[in-house]
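Numbering (the numbering used here), first residue to last: 1 to 235.
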């Protein structure tokens, strides 16, 4: 008879039956800090995978990319290289990533730089630290040191981004910005500046001084942390 094994007994239910409800209960009771990365990732996958066990896919993703943040930051094409990940799963992960960045950006826009510096560092790390190519970003500030714009100016290769000093200062003047914070990432993971980074920063600082645009800092972000030029005496 269908639904019974050879001994006539009904087969046991799948091991994951009720697992989703148990995870949701734990999340409601203990919050995200009570859950390891793979379980939080499982819950993100629930929307894209309506039935079945999402734990194997979550663990495969973490084994491939390393951390929850790196999974969300990965390009869709790379996500879909993982067994069980199709377009629907990749899209869901990128929606969560975009929402997280939008939330982080909302916590720093139009607020004084000094009051939100830690939040700014968290935002730029979330936005750039796990990128696979170099990206040069500029945070534009008004006279009160409030963030008025956040723009990616250039994208490059795995280890180089062309930066044009004149374009940096020109854009600051267009936005009526009084100051800027320069940001770029190192896909290698090590945020230590190169000689080219140091020389480029000096050129932008010099050009800004001539036009009354202050460069408050240049921050390099990577998987291993961040490097502040000002905090390390390079500005």
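In this text, a Cβ means the ideal position worked out from N, Cα and C, and glycines have one as well.
In this structure, DSSP gives residue 206 a helical state, which the three-state scheme calls helix.
A residue is called buried once 16 or more other Cβ atoms fall within 10 Å of its Cβ, and residue 194, having fewer, is exposed. Counting only residues of its own chain and dropping the five nearest sequence neighbours on each side, residue 215 has a CB closer than 8 Å to the CB of 179, 180, 181, 182, 201, 204, 205, 208 and 235. It is roughly 26 Å from the alpha-carbon of residue 111 to the alpha-carbon of residue 233. Within its own chain, the residues whose Cβ lies closer than 6 Å to the Cβ of residue 145, once the five positions on either side in sequence are excluded, are 112 and 113, listed in chain order.
Our two residues, residue 21 and residue 39, have alpha carbons roughly 12 Å apart in a direct line. By the 16-neighbour rule on beta-carbons within 10 angstroms, residue 222 is buried.
36 is the residue among 36, 164 and 118 whose C-alpha sits nearest the C-alpha of residue 59. Less than 9 Å separates the beta-carbon of residue 175 from that of residue 140. If you compare the alpha carbons of 31, 131, 93 and 168 with that of residue 61, the shortest gap goes to 93. Secondary structure remark: continuous beta strand (DSSP E) runs of at least 3 residues inside the region 10–65: none found. Within the model, the alpha-carbon separation for residue 34 versus residue 137 is close to 34 Å. Ranking 166, 191, 189 and 217 by CA distance to the CA of residue 211 puts 166 first. Taking the CA atoms as reference points, residue 127 sits about 22 Å from residue 42. Here residue 73 carries a helix assignment [DSSP, helix/strand/coil]. When DSSP assignments are scanned along the region 167–222, the uninterrupted stretches of beta strand (DSSP E) that are 3 or more residues long and fall wholly within it turn out to be 179–185 and 214–222.
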